[in-house]
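Protein sequence lines correspond, in order, to chains A and B.
Counted from 1, the first sequence has number 573 at position 573 by the numbering used here; the numbering is strictly sequential.
Counted from 1, the second sequence has number 1084 at position 84 by the numbering used here; the numbering is strictly sequential.
From the three backbone atoms N, C-alpha and C, an ideal C-beta is built for every residue, glycine too.
The structure presented is a predicted model; accordingly, all values stated were derived computationally and were not measured.
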Amino acid sequence: MLSGIGNFASHFFVTGDPMIYGADASILLVSLGILFVLTRYRKWGWLWQDWLTTVDHKKIGIMYLIAALLMFFRGGVDALLMRTQLAVPNNHFLTAEHYDQIFTTHGTIMILFMAMPLIFALFNIVVPLQIGARDVAFPYLNAVSFWLFFFGAMLFNLSFVIGGSPDAGWVSYPPLSELHFDPGPGENYYLLALQISGIGSIATGINFIATILKMRAPGMKLMQMPLFTWSALSASIVIIFAFPALTIALALLMLDRIVGTHFFTILHGGDPMMFVNLFWVWGHPEVYIVVLPSFGAISEVVATFSRKRIFGYTSMVASLLLISVISYFVWAHHFFTMGAGADVNTFFAIASMMVAIPTGVKVFNWLFTMYRGRIRLELPMYWALALIVGFLMGGATGVMLAIAPADYQYHNSYFLIAHFHQTLIGGVVFGLFAGMYYWWPKMFGFKLNHRLGVWAFWLFNIGFYVCFMPQYALGFMGMQRRMYTYPAGMGWTDLNFISTIGAYLMGLGFLFIVAQIVYSIKFGERDLTGDPWDARTLEWSLPSPAPHYNFAVLPQVTARDMWWELKQQGRTGDLRPTSEDLKPIHMPKNSGRPFIMGVSFFVAGFGFVFNWYPIAVIGLLAVVVTLITRSFEYGDEYHVPVEEIQHTEAALGRLS
Amino acid sequence: MALDHKSQPAASHGHHSPRLYIIGYISSIVLTAIAFGLALSHTMHFGPLLVVLMILAGLQIIVQLFFFMHVTESDGPPYHSIALVLGLFFTFAVAIMSVWIMSFGSQVS
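Okay, structure coming up:
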């Protein structure tokens, strides 16, 4: 009996690696610490009522942001472990198996559990405020999306202490990811976690399309929307058309692994290449999903800090939409070497190169906006400028990779690794950091410390080039991705060592960002005006942070950059409510059900991961129960009384 | 929408009788069952089977759009028509190009 339990535990928990035991201990300590603090300071009620059950888009956005930064830490630690392993030849810091697991979790976490929540954080916090709305179109669904994402991410992260991490790469191609070659729960974690958070992503896409099309302030035409809102709209369009392909690919692979079908096993008439095809039908649009909001944020930042309206607004909108359409016609460039033939490769090569045109339009428009502008070098502008340089290089090497015959040389080499890190860090992370710094005062009511931020910026940026420039060269010298070690005589040693130094500099930069946040919570410059950057769009007409109903009186929009127009005309008082204007505001009620639904999905997912079907069924039944109780829920909305609005606005000194 | 439209009396949306949903639900299940039955029973040759399955899939799309998504109703600008056209465009583009890409298999083997 006892030995049975011991045997079970040694398979259930990941054992044998001192680093994992360290992680076990720290997870336990942090969890106990959180429980202790919450109980000691009687914060359970606050946590439940103010955060876990909230349907307020601003709070959901903040939770997305926190989750994204935590996942950035996790993915970053993975990256540093890999770079440590590769710093010197013949290294035994990690075993091959462990290295496989780490590059898999690094990729998956950075794309799906860091970049995605970071864009959703900005969507949630910014879009309703920018378009003069009081919440998103479906606030309850928004909370469901968040908790599905959150519990998907938790399920994925559980894998490295319980059961073992997935190890077939973030693309998880069969036949390697089939049960036969990859037994154990690791790959199931990947499939279930992505599936659960994917449902949330699709719902978010639908939510923001409806919000942007239907809930704009009176008078705001489509072509008067701020560019960040446009980027959210185009990214949402891509989300709802691209994610179903991933859902299907993962579902079929899951059936292969759990039920024993043969969609992707070639011996029984299946075709593993179809998974590759489906994965990239989603996978390529996915990278545009994360980069478009970054472009949108940069457009806002560049206009604000150049004190000019954005150059070429119409062409900016057109290029956003064009990128989102072209993104569907390029996916085969991820597998030029599959051998689909010259005609297929030519088509997809040319389509891929065409993406450079609308992207180039955007870069030139940012430059022209800055031209003869009065540029202020605040932190968001630092990151915006860094994006232009970093993304330009990533884009240019992307065009090199798009040349199908040449790609036979670069394919899956470190050249590719350097390319996509330059676009995803230089294009996505830099842009979203710019957005984070820019909108931080709006979220929390204080600015982040400039000095520490500049340190973080330079460490991260210098580290970024030191890390990835050598990798371009390594690619040309024949170093392939996903090799866990290399022999000494290849001539790769110096460049790998330099690259590792760069990675550590980036890690240091991240620590400075953490220090900056901690320091600024206490000492950061408070934003009392609501408009700390002298910005242009409607969110800055509100106090920081905005009251939960956002706008006491909905603004009338007559121009693009409405807030700037009002400031120029000295009419900012127009947006301040008078007591007679105030009417009760219709708002959604908080609900604990989205959280419970997330927990239920987590339980179901966990059951499927270990093929413990009773648990899976219990989880799914709980999901069904939450759906049914929601269907019979009436009176989930209420009116904020005029007195409360009056009181809040008066306390903010805005009642005239 | 949830906040401001609902405070006005809903004119054109909402208030469908359950009958519509039940018909839709049953017909979608029937279509799925036929497709599964045909695929499992091996009574048809591959070519004709493929055509029949495609037709069933097309019918399924129509059922979903008509009974559950109410494509025939709207207020405000016809965003849903644009979305539908875009969706069809992407669907066909992705499907046809996937067939094109994957047809290399017949040349290889």
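For this session: Figure out for me which residue from A:A121, A:Q130, A:H106 has the closest Cα to the Cα of S145 (chain A).
Result: Nearest of A:A121, A:Q130, A:H106 to S145 (chain A), Cα basis: A:A121.
Exercise. With a cut-off of 8 Å, does the C-beta of L321 (chain A) fall near any C-beta of chain B?
Worked result: In terms of beta-carbon proximity, L321 (chain A) stays away from the interface with chain B, with every pair separated by 8 Å or more.
Problem set entry | Unbroken beta strand (DSSP E) run spanning P588 (chain A), endpoints | First-last of the beta strand (DSSP E) with P588 (chain A): 585-588.
Exercise. From Y634 (chain A) to K43 (chain A), what distance separates their C-alpha atoms?
Worked result: Rounded to whole angstroms, the gap between the alpha carbons of Y634 (chain A) and K43 (chain A) is 30 Å.
Exercise. For V609 (chain A), which residues of its own chain have a beta-carbon under 6 Å away from its beta-carbon, when the five flanking residues on both sides are left out?
Worked result: For V609 (chain A), where only same-chain residues beyond five positions count, the Cβ hits under 6 Å are P185, N188, Y189, L192.
Problem set entry | Span of the beta strand (DSSP E) around V330 (chain A) | Looking at the DSSP string, V330 (chain A) is not in any beta strand (DSSP E), and its letter there is neither H nor E.
Exercise. Are there 16 or more other CB atoms within 10 angstroms of the CB of D1075 (chain B), so buried, or fewer, so exposed?
Worked result: With fewer than 16 other Cβ atoms within 10 Å, it is exposed.
Exercise. Quick one: is S1098 (chain B) near chain A, going by C-beta distance under 8 Å?
Worked result: Put simply, the CB of S1098 (chain B) is near chain A, with a gap under 8 Å to one of its CB atoms.
For this session: Check the C-beta distance from L1038 (chain B) over to V1063 (chain B) and give it rounded, since I have them as a contact under 8 Å.
Result: Actually they do not touch by this definition, with Cβ atoms about 18 Å apart.
Exercise. Could you give the distance in angstroms between the alpha-carbon of A651 (chain A) and the alpha-carbon of N550 (chain A)?
Worked result: Near 15 Å, if we compare the C-alpha coordinates of N550 (chain A) and A651 (chain A).
Exercise. Can you tell me whether DSSP reads Y382 (chain A) as helix, strand or coil?
Worked result: Helix.
Exercise. How big is the Cα-Cα spacing for M254 (chain A) and M110 (chain A)?
Worked result: Taking the straight line joining both Cα atoms gives about 22 Å.
For this session: Return the chain-ordered list of same chain residues with a C-beta closer than 6 Å to the C-beta of Y669 (chain A), the five sequence neighbours on each side being excluded.
Result: There is simply no residue 669 (chain A) to check, as chain A begins at 1 and stops at 656 in what is shown.
For this session: Can you tell me which of the three DSSP states I162 (chain A) falls into?
Result: Of the three classes helix, strand and coil, the one that applies to I162 (chain A) here is strand, per DSSP.
Exercise. Taking C-alpha atoms, which residue in A:F512, A:V466, A:Y519 lies nearest to N496 (chain A)?
Worked result: Out of A:F512, A:V466, A:Y519, A:V466 has the C-alpha closest to the C-alpha of N496 (chain A).
Exercise. For the alpha helix (DSSP H) that contains H11 (chain A), what are its first and last residues?
Worked result: First-last of the alpha helix (DSSP H) with H11 (chain A): 2-12.
For this session: State the beta-bridge partners of H639 (chain A) as determined by DSSP.
Result: According to DSSP, H639 (chain A) shares a beta bridge with A:H586.
For this session: Using the Cα positions of I1022 (chain B) and F1104 (chain B), report the straight-line distance between them to the nearest angstrom.
Result: Computed Cα separation, rounded: 44 Å.
Problem set entry | Whole-angstrom C-beta distance between L448 (chain A) and L379 (chain A), which should lie under 8 Å | About 7 Å; that satisfies the 8 Å criterion.
Exercise. For F1068 (chain B) and chain A, any beta-carbon pair shorter than 8 Å?
Worked result: No, F1068 (chain B) lies away from the interface with chain A (no Cβ there is under 8 Å from its Cβ).
For this session: Would you give the residue range spanned by the alpha helix (DSSP H) that E300 (chain A) belongs to?
Result: 272-306 is the extent of the alpha helix (DSSP H) around E300 (chain A).
For this session: Going by DSSP, name the residue or residues bridged to S413 (chain A).
Result: Beta-bridge annotation (DSSP): S413 (chain A) is paired with A:Q480.
Exercise. Which residues of chain A have a Cβ atom closer than 8 Å to the Cβ of A1093 (chain B), listed in chain order?
Worked result: Taking the beta carbon of A1093 (chain B) as reference, the chain A residues within 8 Å of it are Y328, F329, listed in sequence order.
Problem set entry | Neighbourhood of N157 (chain A) by C-beta, 7 Å cutoff - its chain only, sequence neighbours within 5 removed | Within its own chain, the residues whose Cβ lies closer than 7 Å to the Cβ of N157 (chain A), once the five positions on either side in sequence are excluded, are R74, listed in chain order.
For this session: State the DSSP-derived secondary structure class of A1011 (chain B), mapped to helix, strand or coil.
Result: Unreliable positioning characterises A1011 (chain B) in this predicted model, as indicated by a pLDDT of 41, which lies under 50. A coordinate reading is not provided.
For this session: Starting from the C-beta of R654 (chain A), find all residues in its chain whose C-beta is less than 8 Å away, skip the five residues before and the five after it, and write them out in chain order.
Result: Taking R654 (chain A) as the centre and dropping the five residues before and after it, the same chain places the C-beta of P543, A552, R576, P577 closer than 8 Å to its C-beta, in chain order.
Exercise. W440 (chain A): buried (16+ other C-beta within 10 angstroms of its C-beta) or exposed?
Worked result: W440 (chain A) should be labelled buried.
For this session: Determine which residues share a DSSP beta bridge with R526 (chain A) and list them.
Result: Per DSSP, the beta bridge partners of R526 (chain A) are A:F446.
Problem set entry | Cβ-based neighbour list, A351 (chain A), same chain, cut-off 6 Å, excluding 5 preceding and 5 following | For A351 (chain A), where only same-chain residues beyond five positions count, the Cβ hits under 6 Å are F329, V330.
Exercise. How should L1003 (chain B) be labelled, buried or exposed, when 16 other C-beta atoms within 10 angstroms of its C-beta is the threshold for buried?
Worked result: Note on L1003 (chain B): pLDDT 44, under 50, position unreliable in the model; no value is reported.
Exercise. For the segment 232-253 of chain A, which residues have a CB atom closer than 9 Å to at least one CB atom of chain B, in sequence order?
Worked result: The segment 232-253 of chain A vs chain B, Cβ under 9 Å: I237, I240, F241, A242, A245.
Problem set entry | Contacting positions in the segment 1036-1059 of chain B - beta carbon closer than 8 Å to chain A | Result list empty, no residue passes.
Exercise. Quick one: which chain B residues come within Cβ less than 9 Å of N207 (chain A)?
Worked result: Near N207 (chain A) there are no residues of chain B at all, since even the closest Cβ is about 10 Å away, more than 9 Å.
Exercise. Pick from A:P183, A:T229, A:V518, A:T369: whose alpha carbon is nearest that of G260 (chain A)?
Worked result: Here the closest residue by C-alpha is A:P183.
For this session: Could you have a look at Q569 (chain A) and say whether DSSP puts it in helix, strand or coil?
Result: Reduced to three states, the DSSP call for Q569 (chain A) is coil.
For this session: Check whether the Cβ of I1061 (chain B) lies closer than 8 Å to any Cβ atom in chain A.
Result: No, I1061 (chain B) lies away from the interface with chain A (no Cβ there is under 8 Å from its Cβ).
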